[in-house]
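A short worksheet on the structure shown next.
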Amino acid sequence: MTMALTVRTRRTIAGYLFVSPWIAGFLLLTAGPMIASVYVSGTAWTMLSPPVWVGASNYARLLTEDTLFTLSLRNTLYYVALAIPLGLAAALALALLLNSRVKGTALFRTLFFLPSITNLVAVSVLWLWILNPEYGLLNSLLRAAGISGPLWLQSEHWAKPALVLMSLWGVGGTMLVFLAALQGIPAELYEAAHLDGAGGVRSFFHITLPMISPALLFNLIVGVIGASQVFTQAYVMTGQAQPGSEGGPNNATLFMVLYLYRKAFQEFNMGYAAAIAWALFALILVATVIQMRLSRSWVYYEAGER
Amino acid sequence: MIARERTPLAALAGITLRWSATYGALALLGALFVLPLGWMLSVSLQDAQGVFAQPFRWIPAHPRWENFAVALGAIPFGRYFVNTAVITGCVLLLTLFSCSLVAFGFSRIRFRGRNLLFAVCLATMMLPGQVTMIPLYIAYARLGWVDTYLPLIVPAAFGSPFYIFLLRQFFLTIPREYDEAALIDGAGRFRIYWSVILPLARPALATVALFCFIGTWNDFFGPLIYLNSPEKATVTLGLNMLKSQIIGSGSVQWHVLMAASLLVMVPNIVVFVIAQKQLVRGIQAGGLRG
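If you want it as structure tokens, here you go:
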């Protein structure tokens, strides 16, 4: 009896020893800072003088007075609402093409996947020039097709669509997740549907989509979380030369994280920046919870999987 | 029923049509995906006039390979490559060690509270980094770590949820008999981790190493907020500095800027060419089980 207990106790000690790096990290780098962040968000703190407790006034200012914050929230929602559906559709279309039984798909998979793992700063510099209204690749191509392209990043209306367009170049990772899901669909399902007289379109909606719906949910949730935090492209591409001017024409690309960066590391207004971080967290949490709830009605799990 | 019957010839025509449509779409999209990279290479080989030439000459009459040397000389890129390699190397070693230790605990030892802890670990993946960023910055500033590599390296010693998850999933596929045999031989748990599990888990460790390399090499936000001295910059920071410098100077030398961007991408492309299969598998494993 005592022997059994000591074995179990020793096993528990060993288990905790092995996971101790993560536990320490969780306490020091996640839980602790989260609690501290709640406190910081209730202060006025420039790091030069001690923090002054101001209660909820940072949040009150965010939600009622700060029009730039409201704009950054709107810009972020706009970007997510445009980039995610287009990105998912593009990734799925590419995956479907790669999944068709023709030879040489490995080469095309390589081409579609490569841009997504290259360096985002380098990609941003490249697209800065691609999107140049006069000499850029995009408008040159449009001109060849007889269309005079917009000013892209220099236009208040086209700056965000320009960044969305660029994001489509990086859908390779999303595509791979779809491709794995497509390859997991048993061929018998399609054969049975074919015998029942179902065409390609019906098979897609009644077999393909339900079978890959878990992958779709995964890509959707991960995509929304990532796109809500869009920063590097906007910082590199719409900053021009003067520091502090990041945010594009008339702040058209001032996204939440860019605004947070501005407040925290250019104005050193730590309390206010922490409040913005919590607003971002709330946005992501609400979006994720809503998607999980809605997913119950459209995500199909094979029996026993969940 | 009769209308559905097709002659063999019509069926063949249908298949041929579908094949050519698929190839056509693949070729068109493939070209669209390659075009920006090809254009980048082309611009980086032009001279200052060629960049703005209308119509643009894709293959310059005299390719200027020296643009790459000019880019390397415009700012101390060699130094930035070394800086980034040092940071990436440290992060890589710490991450592989810490994440595999934790994943071993989460997959091969049964202990009270394990499932709860693992659930918490997974949940933290959802947390946007910005929530903890400001208190962490303040803490690092108090420790005197700002403008050193420590804030970029030390956190790796505590593991990262996604890599822990990937490794745990792989460890679960290793039969328990290996552990039991080693236990009977009198090996301690650390011995089992080190000499039994780690060697068997090489493919999974390689996948984590790849993701970690790409993530750290490409990181921009971390170096941006923690590094102030120009000589300590990473390549991403350096490229952004060069961009601001060139655009700010008025004489926009896009050929130099493109050459520099291409150089920054080289390590990514090399890693990609060597290890595409492993990257693909890693992304798909994360997506299917997530």
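Residue numbers (my numbering), protein chains in the order written: chain A, 90 to 395; chain B, 134 to 423. Even for Gly, the Cβ is constructed at its ideal location relative to N, Cα and C.
Next item on the list: Take the Cβ of Phe293(A) as the centre, count every other Cβ of all protein chains shown within 10 Å, and call the residue buried at 16 or more, exposed below.
Entry: Its Cβ having fewer than 16 others within 10 Å, Phe293(A) is exposed.
Margin query: Three or more C-beta pairs under 8 Å: does that hold for the region 237-252 of chain B against the region 184-200 of chain B?
Written below: Contact fails: fewer than three Cβ-Cβ distances are below 8 Å.
Margin query: With a threshold of 8 Å between beta carbons, is Tyr148(A) in contact with chain B?
Written below: No, because no Cβ of chain B sits closer than 8 Å to the Cβ of Tyr148(A).
Checklist line | Outcome for Pro110(A) when other beta-carbon atoms lying within 10 angstroms are tallied against a minimum of 16 | finding: It is buried - the Cβ of Pro110(A) has at least 16 other Cβ atoms within 10 Å.
Next item on the list: Determine the direct distance from the alpha carbon of Leu347(A) to that of Leu412(B), and round the result to whole angstroms.
Entry: The straight-line gap from Cα to Cα measures roughly 30 Å.
Note to self: I want to verify the contact list: residues of chain A whose CB lies under 7 Å from the CB of Ala290(B), in sequence order.
What the structure shows: For Ala290(B), the residues of chain A that pass the 7 Å Cβ criterion are Pro110, in the order they occur in the chain.
Next item on the list: Taking only beta carbons into account, state which residues of the region 94-108 of chain A come closer than 7 Å to chain B, listed in chain order.
Entry: Per Cβ criterion, the list reads Arg100, Thr101, Ala103, Gly104, Tyr105, Phe107 and Val108.
Margin query: Quick check: what's the CA-CA separation for Gly355(B) versus Tyr282(B)?
Written below: So the two alpha carbons sit approximately 10 Å from each other.
Note to self: Quick check: the Cα distance between Leu370(B) and Arg243(B), rounded to an integer number of angstroms?
What the structure shows: Approximately 45 Å, taken between the alpha carbons.
Note to self: Tell me which residues of the region 155-177 of chain B have at least one Cβ-Cβ distance to chain A shorter than 8 Å, keeping chain order.
What the structure shows: Contact residues of the region 155-177 of chain B toward chain A are Thr155, Tyr156, Ala158, Leu159, Leu162, Gly163, Phe166, Val167, Leu168, Pro169, Leu170, Trp172, Met173 and Val176 (C-beta to C-beta distance below 8 Å).
Checklist line | Residues of the region 348-364 of chain A whose Cβ lies closer than 7 Å to any Cβ of chain B, in chain order | finding: Those residues of the region 348-364 of chain A that come within reach of chain B (Cβ to Cβ, closer than 7 Å) are Leu349, Ala353, Phe354, Met359, Ala362 and Ala363.
Next item on the list: Give a yes or no on whether the C-beta atoms belonging to Val290(A) and Ala180(A) are separated by under 8 Å.
Entry: No, Cβ-Cβ distance for Val290(A) and Ala180(A) is not below 8 Å.
Note to self: What does the Cβ neighbour count give for Thr140(B), buried or exposed, with the cut at 16 atoms within 10 Å?
What the structure shows: Exposed, since its Cβ has fewer than 16 Cβ neighbours within 10 Å.
Check: Taking 8 Å as the CB-CB cut-off, is Gly114(A) touching chain B?
Finding: Output row for Gly114(A): interface = yes.
Next item on the list: Compare the C-beta of Leu269(B) with all C-beta atoms of chain A and state if any pair is closer than 8 Å.
Entry: Yes, because at least one Cβ of chain A sits closer than 8 Å to the Cβ of Leu269(B).
Notebook entry, point to check: DSSP state of Gly423(B), grouped into three classes?
Noted result: For Gly423(B), the predicted structure reports a pLDDT of 43, less than 50, and the residue's modelled location is therefore unreliable. A value from the coordinates is still provided. Correct three-state label for Gly423(B): coil.
Margin query: What does the Cβ neighbour count give for His82(B), buried or exposed, with the cut at 16 atoms within 10 Å?
Written below: Given that chain B is displayed from residue 134 to residue 423, the structure contains no residue 82(B) and the question cannot be resolved.
Checklist line | Near-chain A residues of the region 231-242 of chain B - C-beta to any C-beta below 7 Å | finding: The residues in question are Ser231, Leu234, Val235, Phe237, Gly238, Phe239 and Ile242.
Note to self: I want to verify the contact list: residues of chain B whose CB lies under 7 Å from the CB of Pro222(A), in sequence order.
What the structure shows: Going along chain B, no residue has its Cβ under 7 Å from Pro222(A), so there is no contact; the nearest lies around 13 Å.
Next item on the list: Would you list the one or two residues that DSSP bridges to Val141(A)?
Entry: Looking at the DSSP output, Val141(A) sits in a beta bridge with Ala133(A).
Notebook entry, point to check: With a cut-off of 8 Å, does the C-beta of Ser126(A) fall near any C-beta of chain B?
Noted result: With its beta carbon less than 8 Å from one in chain B, Ser126(A) belongs to the interface.
Notebook entry, point to check: How many angstroms separate the CA atom of Met398(B) from the CA atom of Leu162(B)?
Noted result: Distance between Met398(B) and Leu162(B), taken at the CA atoms: about 22 Å.
Note to self: Against chain A, does Phe185(B) count as a neighbour if the rule is that its beta carbon must be under 8 Å from one of theirs?
What the structure shows: Output row for Phe185(B): interface = yes.
Notebook entry, point to check: From Thr119(A) to Val141(A), what does the alpha carbon distance come to, in whole angstroms?
Noted result: Cα to Cα, Thr119(A) sits roughly 24 Å from Val141(A).
Notebook entry, point to check: Skipping 5 residues on each side, what residues in its chain have a beta carbon closer than 8 Å to that of Ile112(A)?
Noted result: Counting only Cβ-Cβ distances below 8 Å, and skipping sequence neighbours, we find Tyr105.
Checklist line | Within-8 Å CB hit, Lys376(B) to chain A | finding: For Lys376(B), the answer is yes, since a Cβ of chain A falls inside 8 Å of its Cβ.
Check: For Phe320(A), which residues from the same chain have a beta carbon less than 8 Å from its beta carbon, with the 5 sequence-adjacent residues on both sides left out?
Finding: Within the same chain, Phe320(A) has close Cβ partners Phe344, Val346, Leu347 and Tyr350.
Next item on the list: Report yes if the C-beta distance between Cys232(B) and Ser293(B) is below 8 Å; otherwise report no.
Entry: Going by C-beta atoms, Cys232(B) is nearer than 8 Å to Ser293(B).
Notebook entry, point to check: So the alpha helix (DSSP H) Phe214(B) belongs to, where does it begin and stop?
Noted result: Phe210 to Arg241 is the span of the alpha helix (DSSP H), which, as asked, contains Phe214(B).
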